[in-house]
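J.: Before anything else, here's the structure in question.
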Amino acid sequence: MKLYGSATSPYVRRLRIWLEHADYEFVAMDIFLPEGRKQLEAVSPARKIPLLQLGKDTIYDSRVIFYHLNDRLQRETVGVREDNQLTLIDEANTAFVQLFLLKKSGVDVDQDALYFNLQRERINNLMMHLEGMVSSGHFDNWNYPAICLYCLLDWIDFREQFQLESTPALKTFRDANTEREYVISTDPRR
Ligand SMILES: N[C@@H](CCC(=O)N[C@@H](CS)C(=O)NCC(=O)O)C(=O)O
Numbered sequence: 001m002k003l004y005g006s007a008t009s010p011y012v013r014r015l016r017i018w019l020e021h022a023d024y025e026f027v028a029m030d031i032f033l034p035e036g037r038k039q040l041e042a043v044s045p046a047r048k049i050p051l052l053q054l055g056k057d058t059i060y061d062s063r064v065i066f067y068h069l070n071d072r073l074q075r076e077t078v079g080v081r082e083d084n085q086l087t088l089i090d091e092a093n094t095a096f097v098q099l100f101l102l103k104k105s106g107v108d109v110d111q112d113a114l115y116f117n118l119q120r121e122r123i124n125n126l127m128m129h130l131e132g133m134v135s136s137g138h139f140d141n142w143n144y145p146a147i148c149l150y151c152l153l154d155w156i157d158f159r160e161q162f163q164l165e166s167t168p169a170l171k172t173f174r175d176a177n178t179e180r181e182y183v184i185s186t187d188p189r190r
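With UniProt numbering applied, the sequence shown covers 1 to 190.
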């Protein structure tokens with residue numbers, strides 16, 4: 001089993017943390033460098049990471065990879081509650097990644113224009129909503145959704161996309177989980 005991804009992607013990191021001691025190969029690539037793009041071209045028509053090669057199958061998208069592996073490993077229950085948690089985390093993650101890539105492309109993401117206003121509104125709303133969910137104990141267990149939330153929070157902090165101080169429950173959640181073995185070994189700052 002091979003997991004392809006970068007050391008910085010929050011979508012990749014969530015799977016690496018969840019897989020913990022599992023026996024698999026992590027194929028690290030920098031998708032913004034020429035060599036990494038070549039590697040990516042060879043395995044992903046969508047040119048996105050993560051992707052998993054499992055025998056003859058290639059599986060795209062972190063959530064589909066998780067569903068598939070969770071089915072095989074019978075690790076945890078995923079009901080409507082967990083699916084909704086994952087959807088909200090993914091919506092926030094996507095919005096943050098979009099703004100990050102636009103900023104990296106020299107676009108002024110603070111401008112008063114429909115697309116940017118919608119993204120900012122979505123992000124602010126989702127962060128307040130996730131803050132409330134954490135405060136009411138939604139992420140008390142270290143399961144896949146909690147790992148995804150951790151990776152989102154740590155990535156927006158690492159990329160300076162958001163001030164975690166403005167959402168104290170989210171900051172406390174992030175800080176409380178930083179000493180875990182696989183959180184440390186997958187830290188993009190290392
Ligand atoms: N829905 C996808 C999102 C994956 C994704 O957006 N990955 C980013 C890296 S963080 C990527 O590959 N971006 C490349 C690009 O946008 O060109 C998943 O959950 O796997």
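Backbone N, C-alpha and C define an ideal beta-carbon position, used for all residues, glycine too.
As the structure is a prediction and not an experimental result, all values here were calculated from the model.
1. Hey, would you say the C-beta of K48 is under 6 Å away from at least one heavy atom of ligand 1?
2. Would you tell me roughly how many angstroms separate the C-alpha atoms of F158 and L102, rounded to the nearest one?
3. Using C-beta distances below 6 Å, list every residue in its chain close to L40, excluding the 5 sequence neighbours before and after it, in chain order.
4. Taking Cβ to Cβ, would you say I49 is nearer than 7 Å to S9?
5. Write down every uninterrupted run of the alpha helix (DSSP H) in the segment 68-143 whose length is 4 residues or greater and which is fully enclosed by it, in chain order.
6. Which residue's Cα is closest to the Cα of Y182: Y150, T172 and T167?
7. Could you name the residues of the same chain whose beta carbon sits closer than 6 Å to that of R13, not counting the 5 residues immediately before and after it, in chain order?
8. Cα-Cα, which of V107, L52 and Q119 is closest to F96?
9. If Q53 and F100 are in contact, beta carbons under 8 Å, what's the gap, nearest whole angstrom?
10. Tell me the DSSP bridge mates of E25?
T.: According to the structure shown:
1. Under cutoff, so the answer is yes.
2. Approximately 17 Å between the Cα atoms of the pair.
3. Around L40: I31 and R47.
4. With contacts defined as CB atoms closer than 7 Å, I49 and S9 qualify as a contacting pair.
5. Listed in chain order, the complete alpha helix (DSSP H) runs (minimum 4 residues) inside the segment 68-143 are 80-104 and 114-135.
6. Per the Cα distances, Y150.
7. So the qualifying residues of the chain are C151 and T186.
8. Ranked by Cα distance from F96, the first of V107, L52 and Q119 is Q119.
9. Not quite, the Cβ-Cβ distance comes to about 27 Å (not below 8 Å), so this is no contact.
10. Looking at the DSSP assignment, E25 forms a beta bridge with K2.
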